[in-house]
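Asker:
Number of protein chains: 2
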Amino acid sequence: MAKGRVTVIDIAKAAGVSKSTVSLVLQGSPLVNEGTRSKVNAAMRELGYVYNRGAANLRQAGAKSKIIGVVVNDLTNGFFAELAVGVDMVVQSAGFVQFLSNTSESIDRQREVIASMREHGISGLIVSPARATESVDFKPLVAAGIPVVVVVRNLPGAKVSSVVSDNQGGTSAAVEHLASLGHTRIAFLGGFPDTAVFEERLEGYVDGLKAAGLGFHEELVVSSAPSRAGGVDAIGRAMTMSDRPTAAVCFNDAVAFGVCDGLRARRMEPGRDFAVVGFDDVIEAQTAVPALTTVSVDPQGMGRRTAQLLLKQINAGKAEPESVTTAVRLVVRESCGAAQKKAGRKTA
Amino acid sequence: MAKGRVTVIDIAKAAGVSKSTVSLVLQGSPLVNEGTRSKVNAAMRELGYVYNRGAANLRQAGAKSKIIGVVVNDLTNGFFAELAVGVDMVVQSAGFVQFLSNTSESIDRQREVIASMREHGISGLIVSPARATESVDFKPLVAAGIPVVVVVRNLPGAKVSSVVSDNQGGTSAAVEHLASLGHTRIAFLGGFPDTAVFEERLEGYVDGLKAAGLGFHEELVVSSAPSRAGGVDAIGRAMTMSDRPTAAVCFNDAVAFGVCDGLRARRMEPGRDFAVVGFDDVIEAQTAVPALTTVSVDPQGMGRRTAQLLLKQINAGKAEPESVTTAVRLVVRESCGAAQKKAGRKTA
DNA sequence: TTAAATAATTGGAACGTTCCAAATTTGTCA
DNA sequence: TGACAAATTTGGAACGTTCCAATTATTTAA
Numbered sequence: 319m320a321k322g323r324v325t326v327i328d329i330a331k332a333a334g335v336s337k338s339t340v341s342l343v344l345q346g347s348p349l350v351n352e353g354t355r356s357k358v359n360a361a362m363r364e365l366g367y368v369y370n371r372g373a374a375n376l377r378q379a380g381a382k383s384k385i386i387g388v389v390v391n392d393l394t395n396g397f398f399a400e401l402a403v404g405v406d407m408v409v410q411s412a413g414f415v416q417f418l419s420n421t422s423e424s425i426d427r428q429r430e431v432i433a434s435m436r437e438h439g440i441s442g443l444i445v446s447p448a449r450a451t452e453s454v455d456f457k458p459l460v461a462a463g464i465p466v467v468v469v470v471r472n473l474p475g476a477k478v479s480s481v482v483s484d485n486q487g488g489t490s491a492a493v494e495h496l497a498s499l500g501h502t503r504i505a506f507l508g509g510f511p512d513t514a515v516f517e518e519r520l521e522g523y524v525d526g527l528k529a530a531g532l533g534f535h536e537e538l539v540v541s542s543a544p545s546r547a548g549g550v551d552a553i554g555r556a557m558t559m560s561d562r563p564t565a566a567v568c569f570n571d572a573v574a575f576g577v578c579d580g581l582r583a584r585r586m587e588p589g590r591d592f593a594v595v596g597f598d599d600v601i602e603a604q605t606a607v608p609a610l611t612t613v614s615v616d617p618q619g620m621g622r623r624t625a626q627l628l629l630k631q632i633n634a635g636k637a638e639p640e641s642v643t644t645a646v647r648l649v650v651r652e653s654c655g656a657a658q659k660k661a662g663r664k665t666a
Numbered sequence: 319m320a321k322g323r324v325t326v327i328d329i330a331k332a333a334g335v336s337k338s339t340v341s342l343v344l345q346g347s348p349l350v351n352e353g354t355r356s357k358v359n360a361a362m363r364e365l366g367y368v369y370n371r372g373a374a375n376l377r378q379a380g381a382k383s384k385i386i387g388v389v390v391n392d393l394t395n396g397f398f399a400e401l402a403v404g405v406d407m408v409v410q411s412a413g414f415v416q417f418l419s420n421t422s423e424s425i426d427r428q429r430e431v432i433a434s435m436r437e438h439g440i441s442g443l444i445v446s447p448a449r450a451t452e453s454v455d456f457k458p459l460v461a462a463g464i465p466v467v468v469v470v471r472n473l474p475g476a477k478v479s480s481v482v483s484d485n486q487g488g489t490s491a492a493v494e495h496l497a498s499l500g501h502t503r504i505a506f507l508g509g510f511p512d513t514a515v516f517e518e519r520l521e522g523y524v525d526g527l528k529a530a531g532l533g534f535h536e537e538l539v540v541s542s543a544p545s546r547a548g549g550v551d552a553i554g555r556a557m558t559m560s561d562r563p564t565a566a567v568c569f570n571d572a573v574a575f576g577v578c579d580g581l582r583a584r585r586m587e588p589g590r591d592f593a594v595v596g597f598d599d600v601i602e603a604q605t606a607v608p609a610l611t612t613v614s615v616d617p618q619g620m621g622r623r624t625a626q627l628l629l630k631q632i633n634a635g636k637a638e639p640e641s642v643t644t645a646v647r648l649v650v651r652e653s654c655g656a657a658q659k660k661a662g663r664k665t666a
């Protein structure tokens, strides 16, 4: 009992049929007689059989491994955790299982992790690439016919599918909204300038200014780490200028929270004395005080979307690279001052 | 090229040796001559060989699958994400790969996920059990000789190892600290009473009161969902009583943040008008305003510790169940009022 | 009834690796 | 130089599954 593993042969013997029949039952083939089927199932239950997927994959030697790999660059960031959960949902319900790994933005780690996943025979890969990932890293995968879809961060040169949110549209909408509230000095705060996401969001910011008939002032763009601490830093620098902004679109919610912290440290109340808008709509955004106006990207939905795309490609055998950008919407809450009945925003 | 997979036989042929030799190289055996080793390695690089772990596992038919399964009950909770990252760190550096899944507190999902992991031949399992998990769920695993360690939430009946934080010691320390600041009406806010963690933390709360020479008053324990919203709710109910508390130890940081929100909604400033202490020391605790005094459990360290324990058991072949409780420490920041120079805490 | 068709079942032969025992090469010492 | 030891290398035979072609049992149609 505690000896060897229970195999199809054991249950074949127990059920008085051949191993082939057992295999048929395992795959739910319609060829097998109802009676034998239940006899076999009973034997399986009896002996505590567990399917050996490794052996099966070996024979099938194909895209049928039922494992899909997911690698994210920062699991501790709620956004990515949420994304992974979204992926897991659809992947799981399609009978696949998720192989999740975290790279912590390390490109070496990413390489290791992907190599390991290949060895395990994943039938598809979803990656939110670490910074500075090069498209060549995915070459071997696509050459081997393994569908890959990158998510969140696009990878210019790579011939793989991608799912990114409408960064440009998001910040553009945020700026227009602030402008409609009467703001004219609107800053863009936080984020590292050398990333595709930053570029897109900044572009949207510029678009928004143009659409609102406002001029672009370079000094109103202040970059920083895309973190809460970075936000504190950015607003600090922004407030030193002579002609201060009265509102800010932030690179992401973490930065926005930092900006709020920084404002309070200066005895200014976000939403009353200064308007701030975030990006991502992390879970804390709605419960924070004040509730954060932000661009909602629904990471979980994005994860689901990504997984669906990947599954489609897996089933299609070999699909064309496809890129989808997911819609985004501005969620107006308190931090931009719009919810306040009083018309006045006081410039500090 | 795009035809069949490259196998050991292919590279054996290319390198002019036998498949056995290639296998030896693969395993880094010292038996093979340096010259042949490099010849083989060259051939592998040349042909783009990828190791087929499935086939290997099949033959080795043992605990050598190099996969360890990790299942958590709520990945979107930063605490668990952090835990998973900690696990991944040590697991990865030991040459294993992590198979992470999320159950969203669904016990059915948990069962599915674990079954799937078994089919894939994991050589060990780390579980943060979903609520209402029964010890019998792990029976088959341990019967099959697969090491299991539960983490965060203990599982009374199960003969498996566990790693939990010193919940009791944590709340006890928190209460004593509040008492030392002069508080006498200290509440315990938030959490579901039917969980082991709640029980332990509550017990610590009682211990702390006793140690400080304060009496236990049942009405000062108000449970709620262990979330931010739950915290708002709990403090709301706490403030309706005639003899109000002046301080609170919260079930976790999420609750603590909710309590802060609720206080502000009542025009009270946490840390000045009311002392609040959290539990977990989530990443936001230090940057929040006011910075949250909390019991730090270092989830990442806990994850590392857990992984180490599991690896030890895997290597030892079959190890005795072992339970470790990880140390915890009170991090005094602003929300309990201690950092303030002025002696006065005003009771509301 | 029987031939033909259909439904169920079944032995191998793979799949890509590791292990074993045995074979081969190389080196050492009298 | 021969004999022995050490260092390398090597063919199968597994591992647990699926697939294929072939066999056997059961219906159906005439």
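Just so you know, the sequences run in chain order A and B.
With my numbering as the guide, the letters of the first sequence map in order to residues 319 to 666.
With my numbering as the guide, the letters of the second sequence map in order to residues 319 to 666.
Backbone N, C-alpha and C fix where the C-beta goes; we use that ideal spot for every residue, glycine too.
Counting Cβ pairs, one atom from each stretch, are 3 or more of them under 8 Å apart for the segment 511 to 526 of chain B and the segment 548 to 562 of chain B?
Answerer: No contact exists between the segment 511 to 526 of chain B and the segment 548 to 562 of chain B.
Asker: Residues of chain B with a CB under 7 Å from the CB of residue 472 of chain A: which are they?
Answerer: The premise fails here: residue 472 of chain A is roughly 24 Å from chain B at the closest Cβ pair, so nothing lies under 7 Å.
Asker: How would you label residue 428 of chain A, buried or exposed, when you count the other beta carbons within 10 angstroms and need 16 or more for buried?
Answerer: Label assigned to residue 428 of chain A: buried.
Asker: My understanding is that residue 610 of chain B touches residue 653 of chain B, with C-beta atoms under 8 Å, so please give their C-beta distance in whole angstroms.
Answerer: The pair is a contact, with the Cβ atoms about 5 Å apart (cut-off 8 Å).
Asker: Run through chain A and tell me which residues come within less than 7 Å of residue 566 of chain B, C-beta to C-beta.
Answerer: The premise fails here: residue 566 of chain B is roughly 18 Å from chain A at the closest Cβ pair, so nothing lies under 7 Å.
Asker: Mind checking if residue 423 of chain B is an interface residue toward chain A, Cβ cutoff 8 Å exclusive?
Answerer: By this cut-off, residue 423 of chain B is not an interface position.
Asker: I'd like to know if residue 417 of chain B contacts chain A, where contact means its C-beta is closer than 8 Å to some C-beta of that chain.
Answerer: Judged by the 8 Å Cβ criterion, residue 417 of chain B is in contact with chain A.
Asker: Give the straight-line distance between the Cα atoms of residue 431 of chain B and residue 442 of chain A, rounded to the nearest whole angstrom.
Answerer: C-alpha separation (whole angstroms): 19 Å.
Asker: Let me know if residue 529 of chain A comes out buried or exposed under the rule of 16 or more other beta-carbons within 10 Å of its beta-carbon.
Answerer: So residue 529 of chain A counts as exposed.
Asker: With contact counted as at least three CB pairs below 8 Å, one residue from each stretch, are the segment 381 to 394 of chain A and the segment 348 to 360 of chain A in contact?
Answerer: At 8 Å Cβ cutoff, the stretches do not touch.
Asker: Does any residue of chain B bring its CB to less than 8 Å from the CB of residue 369 of chain A?
Answerer: Judged by the 8 Å Cβ criterion, residue 369 of chain A is in contact with chain B.
Asker: Given the structure, does residue 372 of chain B come close to the ligand SAH, in the sense that its CB is under 7 Å from one of the ligand's heavy atoms?
Answerer: In the structure on display, the ligand SAH does not appear, and there are no ligands present to speak of.
Asker: Considering Cα atoms alone, identify which of A/463, A/479, A/509 and A/533 is closest to residue 494 of chain A.
Answerer: With distances taken between Cα atoms, residue 494 of chain A lies closest to A/533.
Asker: Assuming residue 423 of chain B contacts residue 617 of chain B (C-beta within less than 8 Å), just tell me the rounded distance between them.
Answerer: At roughly 18 Å, the Cβ-Cβ gap does not stay under 8 Å, so residue 423 of chain B and residue 617 of chain B are not in contact.
Asker: Output yes if chain A places a C-beta closer than 8 Å to the C-beta of residue 587 of chain B; else output no.
Answerer: So no, residue 587 of chain B is outside the interface.
Asker: Any beta carbon of chain B sitting closer than 8 Å to that of residue 500 of chain A?
Answerer: Not one chain B Cβ lies under 8 Å of residue 500 of chain A.
Asker: When you compare the CB of residue 396 of chain B with every CB in chain A, is at least one pair closer than 8 Å?
Answerer: Chain A contact via Cβ: present.
Asker: In the structure shown, what three-state DSSP assignment does residue 643 of chain B receive?
Answerer: Three-state DSSP puts residue 643 of chain B in a strand.
Asker: Please name the residues in the segment 435 to 448 of chain B whose beta-carbon is closer than 8 Å to at least one beta-carbon of chain A, in chain order.
Answerer: Taking 8 Å as the Cβ-Cβ cut-off against chain A, the residues of the segment 435 to 448 of chain B that qualify are 435, 436, 437, 438 and 439.
Asker: Whole angstroms is fine: what's the gap from residue 440 of chain A's alpha carbon to residue 464 of chain A's?
Answerer: So the two alpha carbons sit approximately 8 Å from each other.
Asker: Can you say whether residue 585 of chain B is buried or exposed, counting buried as having 16 or more other CB atoms within 10 angstroms of its CB?
Answerer: Residue 585 of chain B comes out exposed.
Asker: What is the DSSP secondary structure of residue 389 of chain A, reduced to helix, strand or coil?
Answerer: Residue 389 of chain A: strand per DSSP, three-state reduction.
Asker: Residue 416 of chain A by DSSP, collapsed to three states: which one?
Answerer: Strand, per DSSP.
Asker: Check the Cβ-Cβ distances between residue 485 of chain B and every residue of chain A, and say whether any is below 8 Å.
Answerer: Answer no: the Cβ-Cβ gap between residue 485 of chain B and chain A never drops below 8 Å.
Asker: Closer than 8 Å by C-beta to residue 538 of chain A: which residues in its own chain qualify, once you throw out the five before and the five after it? Chain order, please.
Answerer: These residues qualify, in order along the chain: 503, 504, 505, 506, 556 and 563.
Asker: In this structure, does DSSP put residue 458 of chain B in helix, strand or coil?
Answerer: If DSSP states are grouped into helix, strand and coil, residue 458 of chain B belongs with the helices.
Asker: Within a Cβ cutoff of 8 Å, which residues of the same chain sit near residue 658 of chain B, ignoring the five residues on either side of it in sequence?
Answerer: Here the model assigns residue 658 of chain B a pLDDT of 40, short of 50, so the residue's position is not dependable, and the following value carries that caveat. Hits under 8 Å: 589, 590 and 652.
Asker: At what residues does the alpha helix (DSSP H) containing residue 361 of chain B begin and finish?
Answerer: Segment 352 to 365, the alpha helix (DSSP H) holding residue 361 of chain B.
Asker: Mind listing, in chain order, the continuous beta strand (DSSP E) runs of no fewer than 3 residues lying wholly within the segment 578 to 632 of chain A?
Answerer: You should have 593 to 598 and 611 to 614.
Asker: Determine, for residue 426 of chain A, whether the minimum Cβ-Cβ distance to residues of chain B falls below 8 Å.
Answerer: Chain B contact via Cβ: absent.
Asker: So residue 334 of chain A is in the alpha helix (DSSP H); what residue range does that whole segment cover?
Answerer: That residue, residue 334 of chain A, is in no alpha helix (DSSP H); it is neither H nor E in DSSP.
Asker: Assuming residue 367 of chain A contacts residue 408 of chain A under a Cβ cut-off of 8 Å, what Cβ separation, rounded to an integer in Å, is found between them?
Answerer: The pair is not a contact, with the Cβ atoms about 28 Å apart (cut-off 8 Å).
Asker: Please go through the same chain and pick out, in chain order, the residues whose beta-carbon is closer than 7 Å to the beta-carbon of residue 548 of chain B, but skip the five residues on each side of it.
Answerer: Correct list, in chain order: 508, 542, 573 and 576.
Asker: For residue 406 of chain B, which option in A/412, A/403 and A/393 has the closest C-alpha, if you only look at C-alpha atoms?
Answerer: That would be A/393, whose Cα lies nearest to the Cα of residue 406 of chain B.
Asker: Quick check on DSSP: helix, strand or coil for residue 344 of chain A?
Answerer: If DSSP states are grouped into helix, strand and coil, residue 344 of chain A belongs with the helices.
Asker: Examine chain A for any beta-carbon lying closer than 8 Å to the beta-carbon of residue 375 of chain B, and answer yes or no.
Answerer: Closer than 8 Å to some Cβ of chain A, the Cβ of residue 375 of chain B qualifies, so yes.
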